[in-house]
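A short write-up of the structure that comes next.
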Amino acid sequence: MSKYWSDAVTRLTPYVPGEQPKESGITKLNTNENPYPPSPKAAAVINNFDTDRLRLYSDPDCTQLKDAIADQFSVNRNNVFVGNGSDEVLAHTFAAFFRQEHPLLMPEFTYSFYPVYCDLFDIESKKIPLRDQFELNLDDYDQPNGGIIFANPNAPTSRAIELGDIEALAKRNTESVIVVDEAYVDFGASSAIELTQRYDNVLVIQTFSKSRSLAGMRVGYAIGHEDLIDGLERVKNSFNSYPLDMLAIESCVAAIQDNDYFAETNQKIINTREWTTEKLAELGFISLPSKTNFLFTSHRFLEAAELMGYLRSKKILVRYFSKPGIDNFLRITIGTQEEMELLVSTLEQHPDLFK
Ligand code: PMP
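When you read off a place in the sequence shown, starting at 1, and then add 344, the result is the number in this note's numbering.
Set out below in structure tokens:
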């Protein structure tokens with residue numbers, strides 16, 4: 345803490361460094377990364393990269409990547425914004441669209457960075473409770489608002505909502521921007537990208553970090569009406585934040601074009617998710633229906649915090665949130681089949697599980 349800090353900076357909680365451990369031999373099921381390597385085509389781009397080219401700056405407009413994303417989703421280049429991870433795209437989104445006379449609405453339990461951005465950009469927000477079993481019901485968002493943001497599927501609750509509900513919300517809220525964070529959409533939910541072509545107030549944000557296995561490249565993007573994209577470009581340019589580096593641009597082009605590999609790895613993760621859900625149920629866990637690459641699960645009688653500590657002592661990292669209301673849940677990333685077998689067999693050895 346420093347006397348020079350603004351109130352917003354004083355309120356910030358730095359990211360817990362323990363979530364990205366440096367030691368080896370750890371089974372890492374805590375930050376929803378993909379257990380499979382990126383597309384071999386993306387790897388080939390990196391391996392064959394002529395490093396002499398790094399002398400020059402990368403394309404400030406990232407045209408090649410915007411075109412590849414636009415092609416993939418049948419939209420135009422001017423419907424696409426790219427940034428250093430969807431976290432940066434989100435930051436620009438908060439700065440661009442949510443400063444109004446009414447609060448920004450978001451689910452009570454959702455991606456933890458949304459409130460952080462509200463603090464940082466001095467945006468008033470209102471948390472809307474989830475329904476039974478953490479269900480997101482967009483009828484609850486019919487109230488004066490200066491914008492609406494939610495993740496679909498939601499994190500950390502893993503549940504998804506229907507496109508029809510998002511469309512109805514877009515129709516009812518023509519004065520504000522509705523942001524759909526689709527970080528996990530490829531693991532079984534439906535994308536709202538098609539709505540962006542019919543509703544100028546819907547902005548969809550996706551990432552290369554999860555279903556494209558490129559978390560380390562830090563690339564995310566937004567798709568929406570050209571006026572929304574223009575707003576994001578203005579914010580980005582006023583921060584003078586530089587676009588993506590050459591390797592990020594070119595490897596992501598290859599990754600987004602490799603639909604076969606994408607389908608194959610996503611299906612493997614979905615199959616492993618279903619297997620894990622069943623196995624955990626046999627051990628007394630109740631998991632919410634997941635459309636993501638993680639499970640949000642609680643045990644019938646063992647406490648989540650204790651279980652997290654037990655698994656950590658066995659070098660398996662899972663995520664625990666101490667927030668009241670979700671403090672008896674674990675969020676477990678779906679790893680490879682072998683990693684999940686290790687998780688299950690480790691849990692089976694928990695001394696109190698079958699008492
Ligand atoms: N949105 C949600 C819901 C997330 O869980 C995450 C990653 N944890 C992000 C956005 C940010 O992802 P990235 O910056 O890696 O694209």
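The beta carbon of each residue, even a glycine, is placed where N, CA and C say it ideally should be.
Could you check if residue i is buried or exposed, using at least 16 other CB atoms within 10 Å of its CB as the buried criterion?
i: serine 666; result: exposed
i: methionine 345; result: exposed
i: leucine 440; result: A small correction: the amino acid at residue 440 is alanine; leucine does not occupy that position in the sequence shown. Answer is buried; the Cβ neighbour count reaches 16.
i: arginine 663; result: buried
i: alanine 435; result: buried
i: proline 500; result: buried
i: lysine 580; result: buried
i: glutamine 550; result: buried
i: lysine 366; result: exposed
i: glycine 560; result: exposed
i: glutamate 526; result: buried
i: leucine 572; result: buried
i: leucine 356; result: exposed
Among the options, which one has its Cα closest to the Cα of residue i?
i: arginine 503; options: Lys635, Gly369 and Ala648; result: Lys635
i: asparagine 498; options: Pro668, Leu639 and Asn672; result: Leu639
i: threonine 454; options: Val524, Arg562 and Arg397; result: Val524
i: serine 642; options: Gly653, Tyr654 and Gly628; result: Gly628
i: serine 534; options: Ala649, Leu507 and Leu591; result: Leu507
i: valine 529; options: Asn615, Ala495 and Lys410; result: Ala495
i: arginine 475; options: Pro451, Asp486 and Asp463; result: Pro451
i: glutamine 408; options: Thr395, Asp396 and Asn422; result: Asn422
i: leucine 482; options: Ala512, Ile467, Pro459 and Asp466; result: Ala512
i: aspartate 351; options: Gln416, Phe465 and Val389; result: Phe465
i: glutamine 416; options: Tyr565, Ile390 and Asp574; result: Tyr565
i: cysteine 406; options: Asn428, Asn392 and Asp396; result: Asn428
i: serine 520; options: Ile413, Val433, Leu547 and Ile505; result: Leu547
i: leucine 655; options: Asn637, Pro633 and Glu692; result: Glu692
i: tyrosine 586; options: Asp403, Asp484 and Trp349; result: Asp403
i: phenylalanine 531; options: Ser555, Arg516, Ile537 and Lys659; result: Ser555
i: leucine 697; options: Leu686, Glu647, Lys659 and Ile676; result: Glu647
i: threonine 616; options: Glu682, Ile522 and Cys596; result: Glu682
i: glycine 568; options: Arg562, Ser553, Glu538 and Leu661; result: Glu538
i: lysine 675; options: Val353, Phe442 and Glu377; result: The question names lysine, but residue 675 is arginine in the sequence shown. Looking at the Cα atoms, Glu377 is the closest of the given residues.
i: tyrosine 605; options: Ala386, Asn374 and Asp396; result: Ala386
i: asparagine 489; options: Phe478, Gly575, Asp509 and Ile467; result: Ile467
i: arginine 443; options: Glu479, Thr540 and Cys462; result: Cys462
Which residues does DSSP pair with residue i in a beta bridge?
i: arginine 663; result: Arg675
i: lysine 471; result: Met450
i: tyrosine 605; result: Tyrosine 605 pairs with nothing; no bridge assigned.
i: histidine 320; result: Residue 320 lies beyond the stretch modelled for the chain, which goes from 345 to 699, so this question has no answer here.
i: glutamate 612; result: Per the sequence shown, residue 612 should be read as lysine rather than glutamate. For lysine 612, which the question treats as bridged, DSSP gives no partner whatsoever.
i: alanine 495; result: Asp525
i: serine 631; result: Thr641
In three-state terms, what does DSSP make of residue i?
i: phenylalanine 552; result: coil
i: alanine 643; result: The sequence given here places histidine at residue 643; alanine does not occur at that position. If DSSP states are grouped into helix, strand and coil, histidine 643 belongs with the strands.
i: phenylalanine 442; result: coil
i: valine 597; result: helix
i: leucine 373; result: coil
i: glycine 490; result: coil
i: glycine 653; result: helix
i: histidine 564; result: The displayed chain sequence assigns glycine, not histidine, to residue 564. Looking at glycine 564 - three-state DSSP - the assignment turns out to be strand.
i: phenylalanine 425; result: strand
i: leucine 547; result: strand
i: arginine 399; result: helix
i: valine 419; result: coil
i: histidine 436; result: helix
i: tyrosine 348; result: coil
i: glutamate 683; result: helix
i: cysteine 462; result: helix
i: isoleucine 670; result: coil
i: isoleucine 505; result: coil
i: glutamine 477; result: helix
i: serine 383; result: coil
i: aspartate 484; result: helix
i: asparagine 581; result: helix
i: glutamine 408; result: helix
i: arginine 542; result: coil
i: glutamate 626; result: helix
i: asparagine 378; result: coil
i: threonine 518; result: coil
i: threonine 636; result: coil
i: glycine 575; result: helix
i: serine 557; result: coil
i: alanine 592; result: helix
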